[in-house]
Amino acid sequence: MSATKDKWLKYWFLKKYKRLDPYVPETRMMSRSALWNLISKYQHVILKPVRGSRGRGVIQVSSLGGHTYALHFENIKIKLQGKENTYKYIQRRIGNTRYMIQRRIARPTIAGCPFDMRVIIQRKGYSSKWKVTAKITKVAGRGYIVSNNERSKGRLLPVKTAIQSSTIKHLSSQRLQWKMDRVSLRAARRLSVLFPHHRIYGLDVGFDLKGHPWIIEANLFPSMSHFLKLKDRAMYRRIAAYK
813 MSATKDKWLK
823 YWFLKKYKRL
833 DPYVPETRMM
843 SRSALWNLIS
853 KYQHVILKPV
863 RGSRGRGVIQ
873 VSSLGGHTYA
883 LHFENIKIKL
893 QGKENTYKYI
903 QRRIGNTRYM
913 IQRRIARPTI
923 AGCPFDMRVI
933 IQRKGYSSKW
943 KVTAKITKVA
953 GRGYIVSNNE
963 RSKGRLLPVK
973 TAIQSSTIKH
983 LSSQRLQWKM
993 DRVSLRAARR
1003 LSVLFPHHRI
1013 YGLDVGFDLK
1023 GHPWIIEANL
1033 FPSMSHFLKL
1043 KDRAMYRRIA
1053 AYK
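Just so we're aligned: the sequence shown equals residues 813 to 1055 in the numbering used here.
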């Protein structure tokens, strides 16, 4: 199995590093006990395939109390009664695919739609110095939890614009971006221990409602389509120049 596509390996490698631990949500491999353990701890969890991409197969599971559980996948929401029933339903949906369970970070919203950021970090071929070369906000489409804009028919916004029109607009967008860049660079340096020849990472970083950045996912082959969709191609050109 290619390590580059294995979300669990990258997650575990980032989480194990003391300086990144506070920025990586608790995650476990899918099992009955891990699921109920994390739900009792956090109330909301996200299930995702270890080798998935573009938000495919992502399921949010929430405890509503009174042995009722809500499942949200794509733009569909259902309620189920009882743990046994809920677990069987999840198993039927995921089949034999390897899944992991992640604490759900409550993300800020824009007009009721949650968002997170795609941050591109690169280094030049002859240098060991990492640089944030591009970033964009991905806003989930109405009724969706995933911010992948093809999957959820969401939209893309400049980071500053997004923060200033969101439920965390009272926080300084400059300071939030500084925190996000710092964590992203730290993650790139950490991942370069595992992938020494790699020169580009795409991180999905989400803020929580207090403005704390969380690394939701690390991609070794980030799609450039986000940056091609912008009227201003400056970020796309910068990424290409680094490549």
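Glycine is no exception: its CB is placed at the ideal position from the N, C-alpha and C atoms.
Note that the coordinates shown come from a computational prediction; the quantities given were computed from them, not determined experimentally.
{"Query": "Bridge partners of K830, per DSSP?", "Result": "None; K830 has no bridge partner."}
{"Query": "Is A974 helix, strand or coil when you go by DSSP?", "Result": "helix"}
{"Query": "Please give me, in chain order, every unbroken run of the beta strand (DSSP E) with length at least 3 that falls completely inside the region 1000-1045.", "Result": "1012-1019, 1025-1031"}
{"Query": "What is the C-beta distance between V945 and R863, in whole angstroms, given that I count them as a contact (C-beta under 8 Å)?", "Result": "Residue 945 is actually Thr in this sequence, not Val. No, T945 and R863 are not in contact; Cβ-Cβ is about 26 Å, not under 8 Å."}
{"Query": "From I890 to Y901, what does the alpha carbon distance come to, in whole angstroms?", "Result": "11 Å"}
{"Query": "What span of residues does the beta strand (DSSP E) with S874 cover, start to end?", "Result": "871-877"}
{"Query": "By how many angstroms is the C-alpha of R1001 removed from the C-alpha of I1057?", "Result": "This structure cannot settle anything about residue 1057, because the visible part of the chain is limited to 813 through 1055."}
{"Query": "So what's I913 in DSSP terms, helix, strand or just coil?", "Result": "strand"}
{"Query": "How is M813 classed by DSSP in three states: helix, strand or coil?", "Result": "Note that M813 scores a pLDDT of 44, beneath 50, so its modelled location is shaky; the value from the coordinates is reported in the next line. M813 falls in the coil class under three-state DSSP."}
{"Query": "Determine the closest residue to R994 out of V1017, R905, G869, with distance taken between C-alpha atoms.", "Result": "V1017"}
{"Query": "Measure the CB-CB distance between H879 and K853 and report whether it falls below 9 Å.", "Result": "no"}
{"Query": "Consult DSSP for M1047 and reduce its assignment to one of helix, strand or coil.", "Result": "helix"}
{"Query": "Compare the Cα-Cα distances from L826 to each of F1007, F885, Y938 and report the closest residue.", "Result": "F1007"}
{"Query": "For T839, which residues of its own chain have a beta-carbon under 6 Å away from its beta-carbon, when the five flanking residues on both sides are left out?", "Result": "Y823, M912, Q914"}
{"Query": "At the level of alpha carbons, what is the spacing between P861 and R910?", "Result": "6 Å"}
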